[in-house]
Amino acid sequence: MSHCFRLPRASARGNFVEKFCGKEDMEKKPLLGMTLGELQAVAARVNLPNYAARQIADWLYKKKVTSIDAMTNLAASKRTLLAESYEIGAVAPAHFQRSVDGTVKYLFPAGPGNFVESVFIPADGRATLCVSSQVGCKMNCLFCMTGKQGFTKNLSANEILNQIQSLPEHDELTNLVFMGMGEPLDNTDELFKVLEILTSAYGYAWSPKRITVSTIGAKGLKRFLDESDCHLAVSLHSPYPAERLSLMPVEKAFPLRGVLDLIRQYDFSHQRRVSFEYIVFKGLNDTEQHARTLANLLRGIPCRVNLIRFHAIPNVPLETSDLQKMEAFRDFLNAKGITCTIRASRGEDIFAACGMLSTRKKEEDAGKRFPQKEK
Ligand code: SF4
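Every position in the sequence shown, counted from 1, becomes a number in our numbering once 757 is added.
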């Protein structure tokens, strides 16, 4: 049984109605999500010295204030000036569901009528947040509910970072994975601003080792490999091009072999890690032949393979593989020297598959009945 709650409309961290319906606020730019360079431009605009940008960053990302007026080392007149054009831009989640296993799925507002999902996963001394990067997605993977929504928009750096900063469990977080709705490397400009804020001394000062960006292999991959030290996860799902294409249209524009050739040019043998995600579908990609071909394909790349159970979604004729088959697949890869684990399935009772809850919210708002989750 899951527990579903609607959060109060107003909260200390912001008010959805004010943010999206208040004319005055709509014209204000959010400071949350701005890099130091952008804050320096803001400081210049209100005639603050350049060093004030660091002070503002400190209030935003270290002290996490919820009002510009709380930035007390800025002159009161400057705070007033700042507040005429800017706001903090932190918005509380509009809705959440808590699983019996402790996983919590949040819906964050992302512009009028839009919501994105963030999933908080506490486990084994870690507390991981799965973050979304787009409303919907262009990639249309067969097995994905977000893909079925189509693409609405890229999230801004503010909307991405807000999922992290306005998370009720923010102070518990140990790890972030960009594995939620959307393809993060299809939104590289905003993603990179967020990664900069998360890992810079002026921002959260997190180690990049706490952050994993997951991709199906989009065009922003080379930039990510060149400019970031964060871990990489690649959604693989089949070692055979035609079969992978039937699951993931991206295979046509960015074939897996090209993605692997690119990855081989970078060092994943020390601090930075690469992993491959493999959803195991019954009778489709769970044979020993698949495991053998996969092992050959990944030869020479120091990596881990994560086997993932499939969360059924409506109107998609795919099923998750049997545990016995998954264990055999795992054991085969391990015997070939490739570290392989079966990822524990979390939050199945709260529509934890990517895109399920936001689709349900849209259906509810449109007055339609959402189909029951398939067992
Ligand atoms: S799996 Fe990822 S890339 Fe594919 S449609 Fe879903 S969100 Fe987009």
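The C-beta atom is built at its ideal place from N, Cα and C for all residues, glycine as well.
Cβ shell of residue i (< 7 Å), same chain only, five flanking positions each side left out
i     : result
D858  : R1103 and G1104
A1052 : L1090, K1093 and I1095
Q922  : L789, K821 and A847
P996  : H1047, T1050, L1051 and L1054
S1078 : V1037, F1038, K1039 and D1043
F1086 : V1037, D1043, A1048 and L1064
L1004 : C898, L899, F900, H994 and S995
Proximal residues to residue i (C-beta, below 6 Å), its chain only, five neighbours per side dropped
i     : result
Y863  : P850, F853 and S875
M1083 : V1037, L1064 and I1099
R967  : N932
R1030 : H988
G960  : Y818 and I954
T969  : V934, H988 and A990
Q920  : F865, S875 and V888
Pairwise C-alpha distance: residue j and residue i
i     : j     : result
Y818  : R836  : 17 Å
N915  : A800  : 18 Å
Q812  : D928  : 21 Å
L1017 : V934  : 21 Å
E984  : A814  : 22 Å
V1062 : G1015 : 18 Å
L805  : A798  : 10 Å
S890  : F908  : 12 Å
M791  : S971  : 23 Å
S1032 : C1060 : 5 Å
T860  : T1116 : 19 Å
E926  : P787  : 22 Å
P1012 : D1024 : 21 Å
I1107 : N830  : 44 Å
Q906  : C898  : 11 Å
S1026 : C987  : 14 Å
G1112 : N871  : 12 Å
E1034 : T903  : 17 Å
L838  : E784  : 14 Å
S856  : A867  : 23 Å
L1114 : S834  : 44 Å
S824  : S913  : 20 Å
Residue interval of the beta strand (DSSP E) (run including residue i)
i     : result
N911  : F908 to N911
L989  : H988 to S992
K862  : V861 to P866
T931  : Note, T931: premise wrong, no beta strand (DSSP E); not H, not E.
I1058 : First-last for I1058: undefined, no H or E at that position.
T1096 : T1096 to I1099
Q854  : H852 to R855
V873  : F872 to A880
Residue i burial status per 10 Å Cβ neighbour count (16 or more: buried)
i     : result
H760  : In this predicted model, H760 has a pLDDT of only 39, less than 50, meaning its place in the structure is not dependable; the value taken from the coordinates is given anyway. That one is exposed.
T1098 : exposed
E1076 : exposed
N944  : buried
Q1028 : exposed
P998  : exposed
G794  : exposed
R1001 : buried
A975  : buried
Y808  : exposed
E940  : buried
P869  : exposed
Q1081 : exposed
E1008 : buried
G882  : exposed
Expected contact under 8 Å - CB spacing of residue i and residue j to nearest Å
i     : j     : result
E953  : N911  : At roughly 17 Å, the Cβ-Cβ gap does not stay under 8 Å, so E953 and N911 are not in contact.
V888  : G937  : 5 Å
L886  : L930  : 6 Å
P1006 : M896  : 7 Å
R1021 : I1058 : 6 Å
V951  : L918  : 5 Å
Start and end residues, alpha helix (DSSP H) containing residue i
i     : result
V1007 : V1007 to A1010
A847  : Premise fails: A847 is in no alpha helix (DSSP H) and is neither H nor E.
Q922  : A914 to Q922
F1089 : L1080 to A1092
P998  : P998 to L1004
N1053 : E1045 to L1054
E1034 : Counting along the chain, E1034 falls outside any alpha helix (DSSP H), though it belongs to the beta strand (DSSP E) covering V1031 to I1036.
Q891  : Per DSSP, Q891 belongs to no alpha helix (DSSP H); it is in the beta strand (DSSP E), Q891 to G893.
T972  : That residue, T972, is in no alpha helix (DSSP H); its beta strand (DSSP E) goes I968 to T972.
Residues near residue i by beta carbon distance below 8 Å, same chain, minus five either side
i     : result
D826  : R836 and A840
L1019 : L978, K979 and L982
A962  : T956
R802  : S842
S768  : Note that S768 has pLDDT 38, beneath the 50 cutoff, so the model's placement of it is unreliable and the number below is only indicative. A849.
A884  : F877, I878, E926, E929, L930, T931 and N932
E1045 : A1085, F1086 and F1089
A810  : L793, L796, Q797, V799 and A800
A1101 : A880
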